[in-house]
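Student: Chains as they are written, first to last, in the numbering used here: chain A, 295 to 539; chain B, 54 to 300.
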């Protein structure tokens with residue numbers, strides 16, 4: 295178990311990680327029509343889904359200590375996202391007939407410049423369908439999404455373990471796990487929607503120029519998470535101290 | 054047609070919500086009907102934010118707003134008993150959700166620079182309205198931690214869906230709010246049924262039956278009124294049996 299002040303800092307750190315992770319996960323609603331690169335849903339909802347998968351995974355190792363909880367959360371989240379990307383690419387490639395192409399890279403507007411996939415070196419220009427902003431998830435966006443999911447899952451697990459540690463002295467273990475799970479999910483949803491305002495519904499992850507607006511997300515999530523963490527700390531302290539109205 | 058202002062609707066929802074929670078807290082389960090107005094207030098504020106094209110979906114706003122409200126209610130239930138001191142509980146829940154909702158709205162406006170009018174007011178209203186609904190639901194279902202995700206999801210769907218379903222060229226506030234009323238009745242109906250089936254309700258079974266009966270009556274009335282309004286709104290494009298030239 296960890297002390298309440300450390301747990302409060304963990305909630306803040308977890309909330310910020312959750313907010314920042316959204317910038318790394320490639321998502322676009324128009325991806326459903328193969329009209330943009332990224333998984334076919336809003337960035338915040340996708341990140342929330344990955345984060346919730348991470349919290350479920352983290353819950354299985356709650357008795358094993360902090361490190362296994364964080365690793366379980368991160369791996370669970372990354373696994374969920376990679377399976378989603380794999381299935382999305384299969385449908386887009388074999389169902390619609392569109393190869394995975396980064397729209398930003400194909401038009402030379404990616405963070406690192408050039409028109410090639412930064413990792414595999416595959417040329418992107420020429421494979422993009424006319425009138426679209428890319429389609430599917432090429433390798434560089436998969437790597438970016440995996441990094442984002444690892445961060446998000448770790449962040450969710452941090453919040454989960456922190457709330458569990460703070461509430462355990464006041465309630466039974468089963469109830470502490472249930473409460474920590476739903477509170478961690480709540481913190482995840484609060485922080486994952488804020489970056490969506492910055493991303494305007496679409497991002498290709500760390501290779502998208504929008505990654506440069508990450509400082510806004512960072513500040514917003516830091517302030518929001520701090521308020522939430524202070525509230526959780528105060529109420530847990532009241533409950534543990536026996537000041538129950 | 055003149056639209057109902059956000060603060061007018063929320064003022065009514067706040068009074069109605071507190072009245073409902075106090076009634077339920079004193080064992081009068083039928084007070085759940087007073088929680089229908091907070092549903093309308095939350096759905097109206099989601100409409101107020103989402104109609105400007107957020108860059109995120111209506112669903113995200115619903116999930117976010119309910120996350121603030123429900124998380125506040127869940128956390129506060131750890132220290133303040135919703136049953137023995139309902140007024141203190143609802144005051145704490147509303148105050149915390151106001152702070153978090155307002156802070157997020159101000160950050161979205163000032164730091165992220167979303168240029169949406171009254172985003173901070175709408176954020177706070179969604180958070181407080183959903184917090185009151187969650188507090189009322191917890192009073193009925195009791196502090197059963199296993200039911201918390203269910204409470205969260207059912208409220209989220211009821212507040213995010215009305216504008217999501219009504220959006221489009223002919224969307225208007227009256228139809229969206231009437232659909233919100235339909236979904237509010239549906240939600241309280243499900244809460245009543247779950248309270249009966251779970252058998253862990255903090256109010257007697259007759260109270261659960263009263264919730265189901267009142268919600269079912271409200272649902273029928275709201276669905277009929279909503280259906281009539283939909284028919285009235287689409288009369289121009291509805292096939293009347295005559296070609297347009299003879300109509």
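All residues carry an ideal CB built from backbone N, CA and C; glycine is no exception. Remember, it's a predicted structure, so these values are computed and weren't measured experimentally.
Are the beta-carbon atoms of residue 340 of chain A and residue 356 of chain A separated by less than 7 Å?
Tutor: Their beta carbons are not under 7 Å apart, which means residue 340 of chain A does not touch residue 356 of chain A by this criterion.
Student: Just the chain B side, please: which residues come within less than 7 Å of residue 461 of chain A by C-beta, in chain order?
Tutor: Under the 7 Å cutoff, chain B gives 131.
Student: Among all the DSSP beta bridges, which residues are the ones paired with residue 330 of chain A?
Tutor: According to DSSP, residue 330 of chain A bridges with A/427.
Student: Under 7 Å, do residue 132 of chain B and residue 376 of chain A count as touching if we go by C-beta distance?
Tutor: No, Cβ-Cβ distance for residue 132 of chain B and residue 376 of chain A is not below 7 Å.
Student: Pop quiz: residue 192 of chain B and residue 99 of chain B are said to be a contact at Cβ under 8 Å. What is the actual Cβ separation, rounded to whole angstroms?
Tutor: With 8 Å as the limit, residue 192 of chain B and residue 99 of chain B do not qualify as a contact, their Cβ atoms being about 24 Å apart.
Student: With 16 other CB atoms within 10 Å as the buried threshold, where does residue 55 of chain B fall?
Tutor: Label assigned to residue 55 of chain B: exposed.
Student: Looking at residue 272 of chain B: is its Cβ nearer than 7 Å to the Cβ of residue 239 of chain B?
Tutor: Against a cut-off of 7 Å, the Cβ pair of residue 239 of chain B and residue 272 of chain B comes out as a contact.
Student: Would you list the residues sitting across from residue 322 of chain A in a DSSP beta bridge?
Tutor: Answer by DSSP bridge pairing, in chain order: A/496.
Student: On the DSSP letters alone, give me the boundaries of the alpha helix (DSSP H) that residue 141 of chain B sits inside.
Tutor: 139 to 163 is the span of the alpha helix (DSSP H), which, as asked, contains residue 141 of chain B.
Student: Measuring alpha carbon to alpha carbon, tell me which of A/534, A/487 and A/535 ends up nearest residue 512 of chain A.
Tutor: Out of A/534, A/487 and A/535, A/487 has the C-alpha closest to the C-alpha of residue 512 of chain A.
Student: Identify the contact partners of residue 309 of chain B in chain A, using a Cβ-Cβ distance below 7 Å as the criterion.
Tutor: Here chain B has residues from 54 to 300 only, and residue 309 of chain B is not among them.
Student: Which residue wins for smallest C-alpha separation from residue 102 of chain B, given the options B/180, B/235 and B/242?
Tutor: Nearest C-alpha to residue 102 of chain B: B/180.
Student: State the DSSP-derived secondary structure class of residue 14 of chain B, mapped to helix, strand or coil.
Tutor: This structure does not reach residue 14 of chain B, given that chain B is present from 54 up to 300, and the question cannot be answered.
Student: Give every residue of the same chain whose Cβ lies closer than 7 Å to the Cβ of residue 147 of chain B, excluding the five residues on either side of it in the sequence, and list them in chain order.
Tutor: 181, 184 and 185.
Student: List, in order along the chain, the chain A residues whose C-beta lies closer than 7 Å to that of residue 117 of chain B?
Tutor: Residues of chain A passing the Cβ test: 483, 484 and 487.
Student: Sort B/232, B/197 and B/202 by Cα distance to residue 251 of chain B and report the nearest one.
Tutor: For residue 251 of chain B, the nearest C-alpha among the options comes from B/197.
Student: For residue 259 of chain B, decide whether its Cβ has a neighbour in chain A, counting only Cβ atoms nearer than 7 Å.
Tutor: So no, residue 259 of chain B is outside the interface.
Student: Would you check if the distance between the CB atom of residue 345 of chain A and the CB atom of residue 439 of chain A is smaller than 7 Å?
Tutor: Not closer than 7 Å, so no.
Student: Could you tell me which chain A residues have their CB closer than 9 Å to the CB of residue 153 of chain B, listed as they occur along the chain?
Tutor: Per Cβ cutoff of 9 Å: 484, 518, 521, 522 and 525.
Student: Closest to residue 517 of chain A by CA distance: which of A/484, A/502, A/534 and A/478 is it?
Tutor: Ranking the options by Cα distance to residue 517 of chain A, first place goes to A/484.
Student: For residue 558 of chain A, which of helix, strand or coil comes out of DSSP?
Tutor: One cannot answer for residue 558 of chain A here, as it falls past the ends of chain A, which runs 295 to 539.
Student: Less than 7 Å between the C-beta atoms of residue 121 of chain B and residue 94 of chain B, yes or no?
Tutor: Contact flag unset, no.
Student: When you compare the CB of residue 455 of chain A with every CB in chain B, is at least one pair closer than 7 Å?
Tutor: Output row for residue 455 of chain A: interface = no.
Student: If contact means a Cβ-Cβ distance below 7 Å, which residues of the region 136 to 168 of chain B contact chain A?
Tutor: Listed in sequence order: 138, 141, 149, 152, 153, 156, 157, 160, 161, 164, 165 and 167.
Student: Decide if residue 275 of chain B is buried, meaning its Cβ has at least 16 other Cβ atoms within 10 Å, or exposed.
Tutor: That one is buried.
Student: Check each residue of the region 330 to 344 of chain A: if its Cβ is closer than 9 Å to any Cβ of chain B, include it; give the result in chain order.
Tutor: Cβ contacts with chain B: 335, 336, 337, 338, 339 and 342.
Student: Please list, in chain order, the residues of the region 167 to 200 of chain B that have any C-beta partner in chain A closer than 8 Å.
Tutor: Listed in sequence order: 167, 198 and 199.
Student: With a threshold of 7 Å between beta-carbons, can residue 285 of chain B be considered close to chain A, or not?
Tutor: So, not an interface residue.
Student: Using 7 Å as the threshold, is the C-beta distance between residue 521 of chain A and residue 156 of chain B below it?
Tutor: Yes; because the gap between Cβ atoms is below 7 Å, this pair is in contact.
Student: Would you be able to state if there are at least three C-beta pairs under 8 Å between the region 158 to 169 of chain B and the region 216 to 224 of chain B?
Tutor: Not touching, per the Cβ criterion.
Student: For residue 69 of chain B, which residues of its own chain have a beta-carbon under 6 Å away from its beta-carbon, when the five flanking residues on both sides are left out?
Tutor: Excluding positions up to five away in sequence, the list reads 87 and 90.
Student: Quick one: Cα of residue 324 of chain A to Cα of residue 129 of chain B, how far?
Tutor: So the two alpha carbons sit approximately 40 Å from each other.
Student: Return no unless some Cβ of chain A is closer than 7 Å to the Cβ of residue 222 of chain B.
Tutor: Not an interface residue.
Student: In this structure, how does DSSP classify residue 396 of chain A when only helix, strand and coil are distinguished?
Tutor: The answer is strand: DSSP assigns residue 396 of chain A an E or B state.
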